[in-house]
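First the structure, in the form of C-alpha cells, and then the observations on it.
Number of protein chains: 2
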Amino acid sequence: MKRVKVSNNVIRRLPRYLRKLDELTENGISRVSSFELGSQLGLTPSQIRQDFSCFGEFGQQGYGYNVPALRSEIASILGMDRGFNAIMIGVGNIGRALTENFNFSEWGFRLIAAFDVRPEIIGTMFHDVPILSMDELAQYLSEHKVDVAVLTVPKEAAVPVTEMLTANGVEAIWNFTNVELTAPDSKILVENVHFSDSLLSLSYFVSEREDERAARAARAERSGV
Amino acid sequence: MKRVKVSNNVIRRLPRYLRKLDELTENGISRVSSFELGSQLGLTPSQIRQDFSCFGEFGQQGYGYNVPALRSEIASILGMDRGFNAIMIGVGNIGRALTENFNFSEWGFRLIAAFDVRPEIIGTMFHDVPILSMDELAQYLSEHKVDVAVLTVPKEAAVPVTEMLTANGVEAIWNFTNVELTAPDSKILVENVHFSDSLLSLSYFVSEREDERAARAARAERSGV
Numbered sequence: 398m399k400r401v402k403v404s405n406n407v408i409r410r411l412p413r414y415l416r417k418l419d420e421l422t423e424n425g426i427s428r429v430s431s432f433e434l435g436s437q438l439g440l441t442p443s444q445i446r447q448d449f450s451c452f453g454e455f456g457q458q459g460y461g462y463n464v465p466a467l468r469s470e471i472a473s474i475l476g477m478d479r480g481f482n483a484i485m486i487g488v489g490n491i492g493r494a495l496t497e498n499f500n501f502s503e504w505g506f507r508l509i510a511a512f513d514v515r516p517e518i519i520g521t522m523f524h525d526v527p528i529l530s531m532d533e534l535a536q537y538l539s540e541h542k543v544d545v546a547v548l549t550v551p552k553e554a555a556v557p558v559t560e561m562l563t564a565n566g567v568e569a570i571w572n573f574t575n576v577e578l579t580a581p582d583s584k585i586l587v588e589n590v591h592f593s594d595s596l597l598s599l600s601y602f603v604s605e606r607e608d609e610r611a612a613r614a615a616r617a618e619r620s621g622v
Numbered sequence: 398m399k400r401v402k403v404s405n406n407v408i409r410r411l412p413r414y415l416r417k418l419d420e421l422t423e424n425g426i427s428r429v430s431s432f433e434l435g436s437q438l439g440l441t442p443s444q445i446r447q448d449f450s451c452f453g454e455f456g457q458q459g460y461g462y463n464v465p466a467l468r469s470e471i472a473s474i475l476g477m478d479r480g481f482n483a484i485m486i487g488v489g490n491i492g493r494a495l496t497e498n499f500n501f502s503e504w505g506f507r508l509i510a511a512f513d514v515r516p517e518i519i520g521t522m523f524h525d526v527p528i529l530s531m532d533e534l535a536q537y538l539s540e541h542k543v544d545v546a547v548l549t550v551p552k553e554a555a556v557p558v559t560e561m562l563t564a565n566g567v568e569a570i571w572n573f574t575n576v577e578l579t580a581p582d583s584k585i586l587v588e589n590v591h592f593s594d595s596l597l598s599l600s601y602f603v604s605e606r607e608d609e610r611a612a613r614a615a616r617a618e619r620s621g622v
C-alpha cells in the first residue's frame, strides 16, 4: 500500500469512523453522506471529506459513501487485515477482563499467549489463551512473531517488563499501566489507555448541566417565580 | 462559573492537557509556552491558544503559561473540584480492576458504593468500597447524591440496568459495556470507554512501520544491495 504521512488526529478519528460504519451496517444502512456522517460524529462534512482524502478517493459527489466499501478501506488502513499477533503480560484483573470481554479478533488481532509470574496459573488456559511463565518469555519471542504486547502488569513491573520486551524485539505496546513508557529517542510504539480521559469528559458535561440548572434556578428566583 | 458553549473537540483535549501539565509538574517545570505544549501534544501553538481562550485568558504574551495555575483552571473547568460521587454497577473483572487500580479521587471522584447480584460478595468491602445488592440500588439512590454510575455489568444487563438507573435519577453513565446506550432524545450523559480505539491506532502505526520496512527492502533489492 502506498503511504502518505497522515496526521495523528486523522489516525485517531479512524477507529471512531469504523465503529460508526459498523453501527450503520448493523442498522441496514449501506450509503451515507459526509453530512450525515459528520452530524453523527460531531464533525463537519468538509473535515470528513478531508480526512478520507488522505487515503485516496472513497466518496462520490451526490452519492455519498458506500458503507461496506468505506468500512473495508478503513479496516485495511488500520491494519486489521494483517493478522497481527498479540501477547498479554500480566493476567490480573485487567488482563482477565480483557481476555474475557475484549474481542481481539474483531479488531484483527490474535491473542496467542499470556504471561504471568504466579505459579498457580502458569500452565493453565484462560479462555483459550495459554498462560506461560515470564521465564519463558524470551524464548517464546524468539520463536513467534509478536506484533503487540498488551501490558497489564502492576505499575512497578511496567518499566522492567518493557525493557525486556524491547530487548527481545517487541516494538509495540498497548499500555494499561498508567506508567509513561516512551523515551524520546525510543523506537518503541506505545499506546496508553487512559481511563481518566473519558471520565473527565463526563465530569465536564455533568458540571455543565449542574451550572445550567443553577443558572435557571437563579433566574427563576430573580423573576420571583 | 460563566459558561460558554465549548466544542466537543476542545472538551476532549482538556484531559490530555491536564495529564501533560501533571507530567510537567512532576518534572519540576512551572512555565510552558504554547509552542512547547503544542509540540509535546502534536497540536499547533495557535490551536492551544484558541482552546484555552474558550475559557478566558490564561497565558501571557512572551511569558507562556504558568503550569500550576493552568492546571488548576483546567481541573476546575472539568469539574474535578465539585466532589462528585460515583457508584459502580457490576463487580466483575473490569469492576474489580477499576476499583483496585483506578484512582477515582485523583480525578475528583469518590467511589461510594458498588452493586452486584452475587450473594457471595454482597455485604463485603472491596478496597474500602461496600458492595451492596442490586435490590438495594433504588433505595440507595433515593438517599444519596450520585453523580455518575460506572457501568461494568455484562453486556446483556447494560440496557435494563441503565433504565433502572435513569428511572431513579442517575443522569450520567461511564459505560464500559460496549453497548450503545444513548437514545437521541435522552437526557442521559454517556461516556463510552472503547478499548479498541487505542488498539487500532497502535495497529495503524505497526502497519505503517511494516510498510516502511517493506519499501526499504524493495529499494535495496532494486539497487542490488
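In order, the protein sequences belong to chains A and B. Plus 397 on top of the position in the first sequence (first one is 1) and you've got my numbering. Plus 397 on top of the position in the second sequence (first one is 1) and you've got my numbering. Glycine included, each C-beta is placed from N, C-alpha and C at the ideal position. Here the structure is a predicted model, which means the values were calculated and not measured.
How big is the Cα-Cα spacing for residue i and residue j?
| i | j | result |
| --- | --- | --- |
| Tyr-460(A) | Ile-519(A) | 55 Å |
| Ser-430(A) | Glu-588(B) | 25 Å |
| Leu-578(A) | Met-485(A) | 17 Å |
| Leu-421(A) | Leu-467(A) | 12 Å |
| Glu-503(A) | Ser-427(A) | 20 Å |
| Val-558(A) | Val-590(B) | 26 Å |
| Met-477(B) | Glu-533(A) | 44 Å |
| Ile-528(B) | Ala-510(B) | 6 Å |
| Asp-419(A) | Ser-620(B) | 44 Å |
| Glu-540(A) | Ala-612(B) | 25 Å |
| Val-464(A) | Asp-594(B) | 19 Å |
| Ala-569(B) | Leu-562(B) | 9 Å |
| Val-603(A) | Glu-560(B) | 19 Å |
| Tyr-601(A) | Glu-618(B) | 55 Å |
| Tyr-462(A) | Ser-469(A) | 12 Å |
| Asn-405(B) | Gln-447(B) | 14 Å |
| Val-550(A) | Gly-425(A) | 41 Å |
| Glu-423(B) | Ala-614(B) | 42 Å |
| Glu-530(A) | Leu-538(A) | Just to set this straight, residue 530(A) is Ser in the shown sequence, not Glu. Going by the C-alpha atoms only, they are around 13 Å apart. |
Closer than 7 Å by C-beta to residue i: which residues in its own chain qualify, once you throw out the five before and the five after it? Chain order, please.
| i | result |
| --- | --- |
| Leu-411(A) | Ile-471, Ile-474 and Leu-475 |
| Arg-479(A) | Gly-505 |
| Phe-501(A) | Ala-483, Arg-507 and Leu-508 |
| Arg-413(A) | Leu-438 |
| Met-398(B) | Here the model assigns Met-398(B) a pLDDT of 49, short of 50, so the residue's position is not dependable and the matter cannot be decided. |
| Arg-616(A) | none |
| Pro-709(A) | Chain A is shown only over 398 to 622; residue 709(A) falls outside these bounds and no answer can be derived. |
| Asn-572(A) | Leu-548, Leu-578, Val-587, Glu-588, Asn-589 and Val-590 |
| Val-526(B) | Thr-496, Leu-508, Ala-510 and Ala-511 |
| Lys-584(B) | Glu-568 |
Within a Cβ cutoff of 8 Å, which residues of the same chain sit near residue i, ignoring the five residues on either side of it in sequence?
| i | result |
| --- | --- |
| Val-576(B) | Lys-552, Ala-555 and Val-556 |
| Lys-542(B) | Asn-482 |
Would you check if the distance between the CB atom of residue i and the CB atom of residue j is smaller than 9 Å?
| i | j | result |
| --- | --- | --- |
| Phe-592(A) | Leu-495(B) | yes |
| Asn-498(B) | Ala-535(B) | no |
| Leu-548(A) | Thr-574(A) | yes |
| Phe-449(B) | Val-488(B) | no |
| Leu-586(B) | Leu-599(A) | yes |
| Arg-409(B) | Asn-490(A) | no |
Excluding five sequence neighbours on each side, which residues of the same chain lie with their C-beta closer than 6 Å to the C-beta of residue i?
| i | result |
| --- | --- |
| Arg-416(A) | none |
| Val-567(B) | Val-543 and Ala-546 |
| Leu-434(B) | Ile-445 |
*Stretch-stretch touch, CB-based, cutoff 8 Å, three pairs: the region 590-610 of chain A with the region 507-519 of chain B*: They do not touch, by the three-pair rule.
*Listed in chain order, which residues of the region 473-494 of chain B have Cβ atoms closer than 8 Å to some Cβ of chain A?*
Sequence-ordered contacts of the region 473-494 of chain B with chain A read Ile-474, Leu-475, Gly-476, Met-477, Arg-479, Phe-481, Gly-489, Asn-490, Ile-491, Arg-493 and Ala-494 [C-beta pairs closer than 8 Å].
_Members of the region 555-570 of chain B near chain A, C-beta cut-off 9 Å_ = For chain A, the residues of the region 555-570 of chain B that bring a beta carbon within less than 9 Å of one of its beta carbons are Glu-568, Ala-569 and Ile-570, in chain order.
*Taking only beta carbons into account, state which residues of the region 599-611 of chain B come closer than 9 Å to chain A, listed in chain order.*
For the region 599-611 of chain B, which is checked against every Cβ of chain A, the residues closer than 9 Å are Leu-599, Ser-600, Tyr-601, Phe-602, Val-603, Ser-604, Glu-605, Arg-606, Glu-607, Asp-608 and Glu-609.
*Using a Cβ-Cβ cut-off of less than 7 Å, list which residues of the region 433-457 of chain B approach chain A; keep chain order.*
If the cut-off is 7 Å between Cβ atoms, the region 433-457 of chain B has Gly-439 near chain A.
*Residues of the region 523-554 of chain B whose Cβ lies closer than 7 Å to any Cβ of chain A, in chain order*: Taking 7 Å as the Cβ-Cβ cut-off against chain A, the residues of the region 523-554 of chain B that qualify are Asp-544 and Val-545.
*What residues from the region 586-598 of chain A come within 9 Å of chain B, judged by C-beta to C-beta, listed N to C?*
Of all residues in the region 586-598 of chain A, those with a C-beta nearer than 9 Å to a C-beta of chain B are Leu-586, Val-587, Glu-588, Asn-589, Val-590, His-591, Phe-592, Ser-593, Asp-594, Ser-595, Leu-596, Leu-597 and Ser-598, reading in chain order.
*Residues in the region 405-429 of chain A having any Cβ partner in chain B nearer than 8 Å*: Within the region 405-429 of chain A, the qualifying residues are Asn-405, Asn-406, Ile-408, Arg-409, Leu-411, Pro-412, Arg-413, Leu-415, Arg-416 and Glu-420.
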